[in-house]
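One line per chain: the protein sequences are A and B, in this order. Take any residue in the first sequence, count from 1 to its spot, add 43: that is its number in the numbering used here. Take any residue in the second sequence, count from 1 to its spot, add 286: that is its number in the numbering used here. Beta carbons: idealized from backbone N, C-alpha and C, even for Gly. If you're wondering where the values come from, they're calculated on a predicted model, not measured in any experiment.
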Amino acid sequence: AQKITQTQPGMFVQEKEAVTLDCTYDTSDQSYGLFWYKQPSSGEMIFLIYQGSYDEQNATEGRYSLNFQKARKSANLVISASQLGDSAMYFCAMREGGQAGTALIFGKGTTLSVSS
Amino acid sequence: DAMVIQNPRYQVTQFGKPVTLSCSQTLNHNVMYWYQQKSSQAPKLLFHYYDKDFNNEADTPDNFQSRRPNTSFCFLDIRSPGLGDAAMYLCATSIGTGGGYTFGSGTRLTVV
């Protein structure tokens, strides 16, 4: 079974609108971390936002917020006031457990296209 | 600025000719990871080092090897590249317990 599921292969939004990118996860660990990364066409992975499993409040970083619903195992990324420069691939990723050196597991990604 | 640097950004190699990709970091992080990302797919973990301890993923082909001569450097060796090995190769680091992950800009490998 997939650990991270991103069901939206592509999303289209107009400038200045908000957009939600979906992510659900599957783990039996109590301690885990959820990450969102942006990957432009140049290829580098840019960290956007992090949510720990024990964090009671939803994470926010500027225009990015994470809608964390633990019971539903979802961690959706909300981008407010989209900009043309937001056009990129977005990946949801998870670190399971607290063991040192644990790698990130990525979802398949969502391509976001922002138009003017 | 502390960072993760991958060289080269673009690498073209011939079918079957060994190739080495490099990653260096100035973060002094314990853990270094290598991911393979094929076009329009999720990054897939190949292996990682925790300090000098090497951890190979079960489904990583034997064609892929790695070396970490010191904390700062990690290399990915592809002994006999096939056309299916064309991909973006991403190096990442972490401090090992908690914390975030820092990625390099990647090396895009083309096999001709």
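What residues are listed by DSSP as bridge partners for residue 362 (chain B)? Translated into positions along the second sequence, residue 362 (chain B) becomes position 76. In the DSSP output, where bridge partners are listed per residue, residue 362 (chain B) has B:307, B:352.
Answer yes or no: does any C-beta atom of chain B fall closer than 8 Å to that of residue 77 (chain A)? On the first sequence, residue 77 (chain A) is found 34 positions in, with the first residue counted as 1. It does not: the Cβ of residue 77 (chain A) has no partner Cβ on chain B nearer than 8 Å.
Reducing DSSP to helix, strand and coil, say where residue 127 (chain A) ends up. Locating residue 127 (chain A) in the first sequence gives position 84, where the first residue counts as 1. It is helical.
Which residues in chain B sit within 7 Å of residue 146 (chain A), going by Cβ to Cβ distance? Numbered from its first residue, the first sequence carries residue 146 (chain A) at position 103. Those within 7 Å of residue 146 (chain A) in chain B are 319, 331, 334.
Using the C-alpha atoms, what's the distance from residue 296 (chain B) back to residue 75 (chain A)? Translated into positions along the first sequence, residue 75 (chain A) becomes position 32. Translated into positions along the second sequence, residue 296 (chain B) becomes position 10. Counting only the Cα atoms, residue 296 (chain B) lies some 34 Å from residue 75 (chain A).
Does any residue of chain B have a CB that is nearer than 8 Å to the CB of residue 118 (chain A)? Stepping through the first sequence from its first residue, residue 118 (chain A) is reached at position 75. No, no contact with chain B.
Look at residue 116 (chain A) and residue 68 (chain A) and say whether their C-beta atoms are less than 8 Å apart. Here the question's residue 116 (chain A) lines up with position 73 in the first sequence. Here the question's residue 68 (chain A) lines up with position 25 in the first sequence. Yes.
Taking the beta strand (DSSP E) that residue 81 (chain A) belongs to, which residues open and close that run? In the first sequence, counting from the first residue as 1, residue 81 (chain A) sits at position 38. Note, residue 81 (chain A): beta strand (DSSP E), 75 to 82.
Grab me the residues of residue 346 (chain B)'s own chain with a C-beta within less than 7 Å of its C-beta, minus the 5 sequence neighbours each way, in chain order. Taking the second sequence and counting its residues from 1, one reaches residue 346 (chain B) at position 60. Non-local C-beta neighbours of residue 346 (chain B) in its own chain, meaning closer than 7 Å and more than five positions away in sequence, comprise 332, 333, ordered along the chain.
Thinking just about the alpha-carbon of each residue, which of A:72, A:82, A:135 is nearest to the one in residue 156 (chain A)? As a working mapping, residue 156 (chain A) is identified with position 113 in the first sequence. Comparing Cα positions, the closest option is A:82.
Output needed for residue 293 (chain B): all residues of its chain with C-beta closer than 6 Å, excluding positions within five of it in sequence on either side, in chain order. Within the second sequence, residue 293 (chain B) is the residue found at index 7, counting from 1. The answer, listed in chain order, is 308.
Residues of the stretch 92 to 113 of chain A with Cβ closer than 8 Å to any Cβ of chain B, in chain order: Along the stretch 92 to 113 of chain A, the positions whose C-beta sits under 8 Å from a C-beta of chain B are 93, read in chain order.
What residue from B:322, B:389, B:390 has the CA that sits closest to residue 372 (chain B)'s CA? Position 86 of the second sequence, counting from 1, holds the residue named residue 372 (chain B). Nearest neighbour of residue 372 (chain B) by Cα position, chosen from B:322, B:389, B:390, turns out to be B:322.
So is residue 55 (chain A) buried or exposed if we call it buried at 16+ other beta carbons inside 10 Å? Against the first sequence, residue 55 (chain A) aligns to sequence position 12. Counting Cβ neighbours within 10 Å, residue 55 (chain A) comes out exposed, since fewer than 16 surround it.
Using a Cβ-Cβ cut-off of 8 Å, state whether residue 310 (chain B) counts as contacting chain A. Position 24 of the second sequence holds residue 310 (chain B). No, residue 310 (chain B) does not count as interfacial toward chain A.
For residue 151 (chain A), return the contacting residues in chain B, with the cut-off set at a CB-CB distance below 9 Å. Numbered from its first residue, the first sequence carries residue 151 (chain A) at position 108. Under a criterion of Cβ atoms nearer than 9 Å, the residues of chain B adjacent to residue 151 (chain A) are, in order, 326, 327, 328.
Report the rounded CA-to-CA distance for residue 45 (chain A) versus residue 392 (chain B), giving the unit in angstroms. Residue numbering aside, residue 45 (chain A) sits at position 2 when the first sequence is read from its first letter. Residue numbering aside, residue 392 (chain B) sits at position 106 when the second sequence is read from its first letter. Residue 45 (chain A) and residue 392 (chain B) have their C-alpha atoms some 25 Å from each other.
Can you check which of these residues, B:325, B:352, B:318, is closest to residue 337 (chain B) by C-alpha distance? Stepping through the second sequence from its first residue, residue 337 (chain B) is reached at position 51. Residue B:318 is the option with its Cα nearest to residue 337 (chain B).
From residue 381 (chain B) to residue 357 (chain B), what distance separates their C-alpha atoms? Numbered from 1 along the second sequence, position 95 holds the residue referred to as residue 381 (chain B). Numbered from 1 along the second sequence, position 71 holds the residue referred to as residue 357 (chain B). The C-alpha of residue 381 (chain B) lies about 11 Å from the C-alpha of residue 357 (chain B).
At 4 residues or longer, and completely inside the stretch 103 to 147 of chain A: list those alpha helix (DSSP H) runs for me, N to C. DSSP runs (the alpha helix (DSSP H)) wholly in the stretch 103 to 147 of chain A: none.
Helix, strand or coil at residue 95 (chain A) according to DSSP, with G and I counted as helix: What you label residue 95 (chain A) is simply residue 52 of the first sequence in a count that begins at 1. Three-state DSSP puts residue 95 (chain A) in a strand.
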